[in-house]
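Structure first, then comments.
In my numbering, the protein residues as written are 23 to 399.
Now the structure itself:
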């Protein structure tokens, strides 16, 4: 097979653009974008400094290579160098110098091939044209705001005001929350691919990414760090697919298979893992900042998040303190009570021995943490 005239590998590491990102109104977009941009600029400055240092070292070794070759030639010609220079030692040094130069060249080549491209460093458009064909994915599977890489000729298709945007987002979440939560909890990368094929119109919608970002932030603020990390990885899958589709002006579902094929390769997966780690780090920092903002707002209003009760006021119907009882529960039961998830509580109880489960639930009823037959159930 002949070699392609153009190398498209640069598109394998496209980084999410700060300028085109879409956040929910509850997220401080300005702070979020500044943080992402600052992190990206610092990383690029570090990479450029490392490249400059390697080029300077290669220049010095290149000069030494020329000097050694000149001495070797003089030795061969029977010059003065033949009397005081060791030709074998010089050739050994020459091999070491060339090996160091090649090692740095290989490293710089690897850095260039795995460089993360973004809105600031992508090439400018020299020529642009649109060819309409019958090929590609069916536009009918697009849900409202999924980016297809094509311009609209029928005017605005999305919400036209802040109120419309909020209503559109709420309606989207009401209809598709189950699909979004199922995707966020998906552990296998292969299952992520399958669900993208099944529900691409929903998962690649602009509202889906806003929902996922909020979910990651809320999970981290509520102490569900492992859940946040998994959701962050799956979020980056959607972001990378969407960004790649935009850059190639293709329907997002047309680039799903190429994207997953690429990250199956070790070098590309390493770049993806770096992007996930960076996203997780930003979520962690934002969670801390958001908590401080919420505490400050509550303090300014003269309010606390909870009204603290005395121990006597907390005592349940069976004479037990719910705070003390809660602290003695297994972690799985504590998480179920905190999330108010009855199904999760049932799973936690089924994992215990019957007598242990009965003991914990009896104490929960006596402290008021659990009300038996509440609501007629």
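Don't be surprised by glycine CBs; every beta carbon is placed ideally from N, CA and C.
Using a 10 Å radius around the Cβ and a threshold of 16 neighbouring Cβ atoms, would you call residue 12 buried or exposed?
Only positions 23 to 399 of the chain appear in this structure, which leaves residue 12 out of reach.
Determine the direct distance from the alpha carbon of residue 219 to that of residue 165, and round the result to whole angstroms.
Taking the first residue of the chain shown as 1, we reach residue 165 at position 143. Taking the first residue of the chain shown as 1, we reach residue 219 at position 197. Confidence in residue 165 is poor, its pLDDT being 45 and thus under 50, which makes the residue's placement too unreliable to answer from.
Grab the span of the alpha helix (DSSP H) containing residue 316 for me, first residue to last.
Position 294 of the chain shown, counted from the first residue, corresponds to residue 316. Residue 316 -> alpha helix (DSSP H) spans 288-323.
Which of the three DSSP states, helix, strand or coil, is assigned to residue 223?
Against the chain shown, residue 223 aligns to sequence position 201. It is helical.
Inter-stretch contact (C-beta, 8 Å, three-pair minimum) for the region 273-292 and the region 336-353
No: the two stretches stay apart, fewer than three of their Cβ pairs being nearer than 8 Å.
Could you check if residue 98 is buried or exposed, using at least 16 other CB atoms within 10 Å of its CB as the buried criterion?
Translated into the one-based positions of the chain shown, residue 98 becomes position 76. Burial call: exposed.
Contacts around residue 382, its chain only, beta-carbon distance under 7 Å, and the 5 residues preceding and following it disregarded:
For the purposes of this step, residue 382 is taken as residue 360 along the chain shown, with counting starting at 1. Answer for residue 382: 351 and 355, listed in chain order.
Inter-stretch contact at 8 Å, needing at least 3 Cβ pairs: the region 301-316 / the region 239-259
Touching, yes, given that three or more Cβ pairs across the two stretches are closer than 8 Å.
In whole angstroms, give me the CA-to-CA distance for residue 130 and residue 66.
For the purposes of this step, residue 130 is taken as residue 108 along the chain shown, with counting starting at 1. For the purposes of this step, residue 66 is taken as residue 44 along the chain shown, with counting starting at 1. The straight-line gap from Cα to Cα measures roughly 14 Å.
Selection from 228, 256, 200 and 188 that minimises the alpha carbon distance to residue 209:
Here residue 209 refers to the residue found at position 187 when the chain shown is read from its first residue. When each option's Cα is compared against that of residue 209, the closest is 256.
For residue 250 versus residue 305, is the C-beta distance shorter than 8 Å?
Walking along the chain shown from the start, residue 250 turns up at place 228. Walking along the chain shown from the start, residue 305 turns up at place 283. Note that the C-beta distance between residue 250 and residue 305 is below 8 Å.
Short check: CB of residue 403 to CB of residue 303, under 8 Å?
With the chain running from 23 to 399 in the structure shown, residue 403 is simply not present.
Give me the Cα-Cα distance between residue 22 and residue 212, rounded to the nearest whole angstrom.
Look at the range of the chain in this structure, 23 to 399, and you will see that residue 22 is not part of it.
Can you list, in chain order, the residues of its chain with a C-beta nearer than 7 Å to that of residue 298? Leave out the 5 residues immediately preceding and following it.
Locating residue 298 in the chain shown gives position 276, where the first residue counts as 1. The beta carbon of residue 298 is closer than 7 Å to those of 254, 255 and 258 in its chain, skipping five residues each way along the sequence.
Our contact map puts residue 226 next to residue 263 with C-beta atoms below 8 Å; I'd like the distance itself, whole angstroms only.
Taking the first residue of the chain shown as 1, we reach residue 226 at position 204. Taking the first residue of the chain shown as 1, we reach residue 263 at position 241. Indeed they touch by this definition, with Cβ atoms about 7 Å apart.
Which residue marks the beginning of the alpha helix (DSSP H) containing residue 342, and which one marks its end?
The residue you call residue 342 lines up with position 320 of the chain shown. Per DSSP, residue 342 belongs to no alpha helix (DSSP H) and is neither H nor E.
Anticipated Cβ contact below 8 Å, residue 95 with residue 122, distance rounded:
Here residue 95 corresponds to residue number 73 of the chain shown, with the count starting at 1. Here residue 122 corresponds to residue number 100 of the chain shown, with the count starting at 1. Not really, about 22 Å apart at Cβ, beyond 8 Å.
For residue 270 and residue 284, what's the separation of their Cα atoms in angstroms?
By one-based count along the chain shown, residue 270 stands at place 248. By one-based count along the chain shown, residue 284 stands at place 262. Residue 270 and residue 284: Cα-Cα distance of roughly 16 Å.
Cβ-based neighbour list, residue 238, same chain, cut-off 7 Å, excluding 5 preceding and 5 following:
Here residue 238 corresponds to residue number 216 of the chain shown, with the count starting at 1. Result list for residue 238: 250, 253, 254, 257 and 305, in chain order.
Along the alpha helix (DSSP H) that carries residue 208, what are the first and last residues, could you check?
Within the chain shown, numbered from 1, the residue matching residue 208 stands at position 186. Neither: residue 208 is in no alpha helix (DSSP H) and is coded neither H nor E.
My output table needs one value for residue 279: the three-state DSSP class, helix, strand or coil.
Reading the chain shown from its first residue, position 257 is the one you call residue 279. Residue 279: helix per DSSP, three-state reduction.
Could you check if residue 274 is buried or exposed, using at least 16 other CB atoms within 10 Å of its CB as the buried criterion?
Within the chain shown, numbered from 1, the residue matching residue 274 stands at position 252. Counting Cβ neighbours within 10 Å, residue 274 comes out buried, since at least 16 surround it.
Near residue 201, what residues of its chain come up, given a Cβ to Cβ distance below 6 Å and the 5 sequence neighbours on each side ignored?
Position 179 of the chain shown, counted from the first residue, corresponds to residue 201. If we look at residue 201 and ignore the five residues flanking it on each side, its Cβ neighbours are 221 and 224.
Looking at the C-beta of residue 344, does it have a partner C-beta in chain C at a distance below 8 Å?
The structure shown contains no chain C; it is built from a single protein chain.
So the candidates are 119, 296, 391 and 385; which of them puts its Cα closest to the Cα of residue 136?
Here residue 136 refers to the residue found at position 114 when the chain shown is read from its first residue. Nearest C-alpha to residue 136: 296.
Buried or exposed by the 16-neighbour rule on C-beta atoms within 10 Å, applied to residue 247
Within the chain shown, numbered from 1, the residue matching residue 247 stands at position 225. Exposed, since its Cβ has fewer than 16 Cβ neighbours within 10 Å.
On the three-state DSSP scale, how would you describe residue 136?
For the purposes of this step, residue 136 is taken as residue 114 along the chain shown, with counting starting at 1. Three-state result, residue 136: coil.
Contacts around residue 119, its chain only, beta-carbon distance under 6 Å, and the 5 residues preceding and following it disregarded:
Along the chain shown, read from residue 1 onward, the residue named residue 119 stands at position 97. Cβ neighbours of residue 119 beyond the five flanking positions: 83, 86 and 87.
Close-in-space but distant-in-sequence residues of the same chain around residue 292 (CB under 8 Å, 5 per side omitted)
On the chain shown, position 270 is the one that residue 292 refers to. If we look at residue 292 and ignore the five residues flanking it on each side, its Cβ neighbours are 136.
What number of angstroms, rounded off, separates the C-alpha of residue 372 from the C-alpha of residue 215?
Indexing the chain shown from 1 puts residue 372 at position 350. Indexing the chain shown from 1 puts residue 215 at position 193. Whole-angstrom Cα-Cα distance: 32 Å.
Is residue 103 closer than 8 Å to residue 93 when the C-beta atoms are compared?
What you label residue 93 is simply residue 71 of the chain shown in a count that begins at 1. What you label residue 103 is simply residue 81 of the chain shown in a count that begins at 1. Cβ atoms of residue 93 and residue 103: closer than 8 Å.
Residue 393 to residue 294, Cα distance in whole Å?
Looking up residue 393 in the chain shown gives position 371. Looking up residue 294 in the chain shown gives position 272. Cα-Cα distance, rounded: 47 Å.
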